[in-house]
Amino acid sequence: MMGKTGLLRLWDGLKQKQSEELMPHGKALYQTSVRKAKQNIPTRLIPVMENEWIISDGWELGTSTQVLESDISIFSHDFNTTNWYNAIVPGTVLTTLVNQGVYPDPYYGLNNMAIPDTLAHMQWWYRVRFNTPKESKGKRIRLLFNGINYRGEIFLNGKKIDNMAGAFVRGKYDVTSYLKENGENVLAVLVSPPDNPGISHEQSMLAGQGLNGGQSSLDGPTFIASVGWDWIPGIRDRNTGIWQDVRLQIGGDVVIGDPHIITDLPLPDTTKAMVKIAVPIRNISNNNVFGELSAKFEGVNIKTAYSLKPNEEKSIVFDPKDYVELNLNNPKLWWPNGYGAPNLYHLELEANTGAISSDKKKLQFGVRELSYELMINTPAKANHRIAYTPADVNNGQPIFDYENVVLVGDPKKQRTIPTLYSNVNEEAVFEQLSNDDPVGQYLVFRVNGVRIYIKGGTFGMDDAMKRVSRERMEPYFKLHREAHFNLIRNWTGESTEELFYTLADEYGMLVWNDFWMTTDDTVEPNNYDLFLKNATDVVRRFRTHPSIALWCPRNEGYAPQGMEPRLAAMIAKEDPTRHYHGNSRFLNAINSGPYGFIKDYERYYTQIAEGFNTELGAQAIPTANTLRKFIAPEDLWPINDVWAYHDMHHTTHFFNDFMDAVNSYGQANSVDEFAKKAQMITYDTWRRMIEGFNSRLWQNTTGLILWMSHPAWPSMTWQTYTFDYETPGSYYGVRKAQEPIHVQMNLPDDKIIILNSTRESYSNMTMTVRYYSIEGREYYSKSAKFDVKANAKTDCFIPDIAVDKLEDYTLVRLELKDRYGKVVSINDYWKSKAKLQANKELNKIRKPKLKLVKVKTQGSILNYELQNVSKELAVAVKLNVKDKLSGEIVLPVYFSEGYINLLPGEKRKLTLELPHQSIHDFNIIAEGYNFDSVILL
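5 is the number of the first residue of the sequence shown in this note's numbering; add one for each residue after it.
The following block contains the structure:
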């Protein structure tokens, strides 16, 4: 059978390992690791709330062979685990083995090559001993597994509980009869890796960039990228393990399931909201049960009686028609970042049987309404634009037929729009929109009735080894917020876990949520039933999160035949409040890419900026300080296999053009020179990518999702910040272009425009453009006043300076002030007659002298004034915090400005936010293009 791409054979990965000459080699040896002696660590039951605990600390890990060879049962207290490992749960097998000193850090250099791929073919036993909580006396005890990759056989005190399969389905079990009321319990889980671990491609200078997946795609609900991609190496255990936490819950005969919260606004009125809460409850006993279900959140306390037959499950609905309290006045709405605060409500559900609490559940939700605009095709109206609000339809049936899409525009571009299922009443479901709207066929998100201009980023994977604690992950979300992102794409569902969505809720990030399939030229899941079981559990589990904006079946393709109608029907039933979008590219969008440096920046404005794009990226070189964190001194320079292994794609993505651009500042002869010059290019490239889309806001473009914003490991490409929370040129280029109120100069005509991606209009703003020589001498200026409408683009003017009046190399400064004279946006461009060839002019600028003064402190935010007290330009100035004691740069920290230019005598206000756990005895240092690191304060 042919694939949908017309290929006779779908990509299924390597069939054999690369030859030795194609493998990466470095001058530095692999780091050594020393096996830690196993410790006797007692288990802790960490309370989540009064009826729930996380089983922590006492976990042990051993091979299946160790258990088979033992004469003593794994459930015996005499079972010897001396040669086992202290396991990290939640975590993967590899996380444990690295932590225990069996293998070196795979993120450093070529250490990953020292870890055998046989880990992906092994079964492992997890074992933990714990006492039954005293609070459980006379109550039922439930065991909850929040995620095992890929298969788990669960045993408790010598008895098998169940099997689990797929990384994203939960295991929930009543274990009352299995536990010991007194004494120690032994929980053991036999974990197996994905069925098709495949063979990892190893990036090198000769082998080229990584191949994208393969065999792992056959397994469906797993971390399909862990076999290796062009941005991540093969993770040797394929992230096998108990990767999410394990919990004990106590209660009665009635269990609360996954609630569904529907918030409805009488748009355009946002001063009122209706909240509908549907709560599944289940009787897990063989007796009739009577009780009361209550729901509490800010200012609301409601309850209702229920009755359940033996083993019956039903949904109890708190409807605003019946409960006046659920009709909210002046609700605190959840908004995406930049459009308002991401306000959250805190719901507590409790099921009582008589006077006894049977089960409790606590969760957060947001009051917001999602709507969507897109073009569809019907026999009656042909191609036409519509808008719809899924929560208002709520009929539990699929709407869009993605097995019968229609080409629109140039057939060679493969762009499509959906048709409808025959039973859909278009007049009842959709708002009809004008076909004259210049956004055409492209997808538009609305939140609370407001069009949201998508400023999106992508998580390919949260962490290559699935180390996903709040401490580790929250700074990444904060960096997204500070860079003015408002959406994160959960690419192929690799980051599907509670913490990801919780942080997205808190930081105002919409989520484009893929499921676990990649491009439609790649093999598809073997087991549709397993895929649907995991997908159903994911939708039920996470549907209360206001951040999730859209479900998508796969990356760059439609769901396979046979799966598509089942997946669409499931989502329509389980979550009728969100749009299900059948493909991440082409469908109401353009094709993905490009993915590398474009030497003619004009193309970002005239060719690449169009419609809605879910993937656009380029090289993103770390700072020299970051490079030294994962490359040994012997391999730092010149570019070599170690760089290639860390995603320096030297044979693709216009790499030669990128290197020519870097070396246009002068040939780089060291890692420090290269990294410094690369920041000049990456800042401008990532800024231009976004500004190209900005230039056509709502006149064609509706949003851009960058490929990528977040690195899964130490990388050279497709990232805004780096793995260590450092913020190189790519980050500050993105942050500048995505300012809520932003002034920019377009190409090729130099038109100046103001972008306002907020809900507020501003009157009487002043836009000023000034041209400076490299000596800092102003030789042209022009100002004008403008009224800037909300959520719109305002055209200003084209500077009226003749080409022959331009200096050979010019700093163009755009400055936007509000009606009170406060600076709102500053944006600098280097302009020359000879384009890149003139960049060496910057090397003529001598070292400046800077002064930093602390102005005030507001909590964790420090306010400073940075001044250039010399007669020289200060070019691409970046600040960092350095620990006085260790001499190391402190990360994460959050500076409001980076890679800025300071004219002679210029002052610039900026802020620094230090996390609470940061050091207090520190220096602030600065470095720039025309000067090395200096201590300012």
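Quick reminder that beta carbons are idealized off the backbone N, C-alpha and C, glycines included.
Check your understanding: With tyrosine 766 and valine 792 assumed to form a contact (beta carbons below 8 Å), what rounded beta-carbon distance in angstroms separates them?
Key -> 5 Å
Review point. Going straight from the alpha carbon of glutamine 611 to that of isoleucine 594, what length do you get?
Key: Within the model, the alpha-carbon separation for glutamine 611 versus isoleucine 594 is close to 12 Å.
**Study point:** Cβ-based neighbour list, arginine 692, same chain, cut-off 7 Å, excluding 5 preceding and 5 following
**Key:** Tyr605 and Tyr608
Review point. Which residues bound the alpha helix (DSSP H) around glutamate 157?
Key: From DSSP, glutamate 157 is part of no alpha helix (DSSP H) but of the beta strand (DSSP E) over 155–160.
Exercise for review: Please confirm whether threonine 581 and alanine 345 have their CB atoms less than 7 Å apart.
Suggested key: no
Point to revise | Rounded straight-line distance, which links the Cα of glutamate 619 to that of valine 52 | key: 38 Å
Exercise for review: Output the residue ranges of the beta strand (DSSP E) runs that lie fully inside the segment 102–179 and measure 3 residues or longer, sorted by chain position.
Suggested key: Every beta strand (DSSP E) of 3 residues or more that sits fully in the segment 102–179 is shown, in chain order, as 128–135, 144–149, 155–160, 163–169 and 175–178.
Check your understanding: What is the rounded straight-line gap between the Cα of aspartate 509 and the Cα of glutamate 743?
Key -> 21 Å
Review point. To the nearest angstrom, how far is it from the Cα of isoleucine 625 to the Cα of aspartate 676?
Key: Using only the alpha carbons, I get a separation of about 12 Å.
Practice item. Report the residue ranges of all alpha helix (DSSP H) runs contained in full by the segment 466–550; include only those spanning at least 4 residues, in chain order. Key: 474–486, 502–511 and 532–546
**Study point:** Buried/exposed call for glutamate 782, threshold 16 Cβ in 10 Å
**Key:** exposed
Practice item. To the nearest angstrom, report how far apart asparagine 243 and glutamate 157 are at their CA atoms. Key: 17 Å
**Study point:** histidine 583 classed as buried or exposed, judged by whether at least 16 other C-beta atoms fall within 10 angstroms
**Key:** buried
Review point. Isoleucine 923 by DSSP, collapsed to three states: which one?
Key: coil
Practice item. Quick one: using the 10 Å Cβ neighbour count with 16 as the cut-off for buried, is proline 120 buried or exposed? Key: exposed
Check your understanding: What span of residues does the beta strand (DSSP E) with tyrosine 813 cover, start to end?
Key -> 813–821
Exercise for review: Return yes when the Cβ of tyrosine 457 is within less than 7 Å of the Cβ of arginine 485, no when it is not.
Suggested key: The answer is no: Cβ separation not under 7 Å.
Exercise for review: Taking valine 371 as part of the alpha helix (DSSP H), name the residues at either end of that continuous run.
Suggested key: For valine 371, there is no enclosing alpha helix (DSSP H), as DSSP marks it with neither H nor E.
Exercise for review: Please report the Cβ distance between alanine 359 and valine 258, rounded to the nearest whole angstrom; I am assuming they are in contact, meaning their Cβ atoms lie under 8 Å.
Suggested key: Incorrect: roughly 14 Å between the Cβ atoms, too far for contact.
Check your understanding: Between the C-alpha atoms of asparagine 644 and proline 732, what's the straight-line distance to the nearest angstrom?
Key -> 21 Å
Review point. Can we say the segment 770–782 touches the segment 805–823, given the rule of at least three CB pairs closer than 8 Å?
Key: Judged by pairs of C-beta atoms under 8 Å, the segment 770–782 touches the segment 805–823, as three or more such pairs exist.
Exercise for review: Given a cut-off of 7 Å, decide if phenylalanine 601 and alanine 628 are closer than it, judged by their beta-carbon atoms.
Suggested key: Taking 7 Å as the Cβ cut-off, alanine 628 and phenylalanine 601 do not qualify as a contacting pair.
Check your understanding: Whose C-alpha, out of Ala576, Phe227 and Gly670, is nearest the C-alpha of isoleucine 403?
Key -> Shortest Cα-Cα distance from isoleucine 403 to any of Ala576, Phe227 and Gly670 involves Ala576.
Point to revise | For tryptophan 641, the three-state DSSP class (helix, strand or coil) | key: coil
Exercise for review: Rounded to whole angstroms, what's the CA-CA distance from tryptophan 865 to isoleucine 928? Just pull it up for me.
Suggested key: One point to set straight first is that residue 865 is isoleucine, not tryptophan, in the sequence displayed. Cα to Cα, isoleucine 865 sits roughly 14 Å from isoleucine 928.
Point to revise | Exposure of isoleucine 59, with buried meaning 16 or more beta-carbon neighbours within 10 Å | key: The residue in question, isoleucine 59, is buried, as its Cβ has 16 or more Cβ neighbours within 10 Å.
Exercise for review: Leaving out five residues on either side along the sequence, give the residues of the same chain with a beta carbon under 6 Å from the beta carbon of tyrosine 729.
Suggested key: Pro479, Leu895 and Pro896
Check your understanding: Measuring CA to CA, which of Val527, Arg589, Val472 and Leu503 is closest to aspartate 518?
Key -> Of all alpha-carbon atoms in Val527, Arg589, Val472 and Leu503, the one lying nearest the alpha-carbon of aspartate 518 is that of Arg589.
Review point. Curious, which full-length beta strand (DSSP E) runs of at least 3 residues does the segment 312–386 contain?
Key: 317–322, 331–333, 349–357, 360–369 and 374–382
Review point. From which residue to which residue does the alpha helix (DSSP H) around isoleucine 421 run?
Key: It is not in any alpha helix (DSSP H) - isoleucine 421 instead sits in the beta strand (DSSP E) that spans 420–424.
Exercise for review: Express the C-alpha separation of serine 74 and tyrosine 111 in angstroms, rounding to a whole number.
Suggested key: 35 Å
Exercise for review: State buried or exposed for leucine 72, treating a residue as buried only when at least 16 other CB atoms are found within 10 Å of its CB.
Suggested key: exposed
Practice item. Closer than 8 Å by C-beta to arginine 763: which residues in its own chain qualify, once you throw out the five before and the five after it? Chain order, please. Key: Tyr343, Gly344, Val454, Ala794 and Asn795
Check your understanding: Does the Cβ of glycine 566 have 16 or more other Cβ atoms within 10 Å, making it buried, or fewer, making it exposed?
Key -> So glycine 566 counts as exposed.
Check your understanding: Which stretch, first to last residue, makes up the beta strand (DSSP E) that contains phenylalanine 463?
Key -> 458–463
Practice item. Report the partner residues of methionine 769 according to the DSSP bridge assignment. Key: The partner list for methionine 769 (beta bridge, DSSP) reads Phe790.
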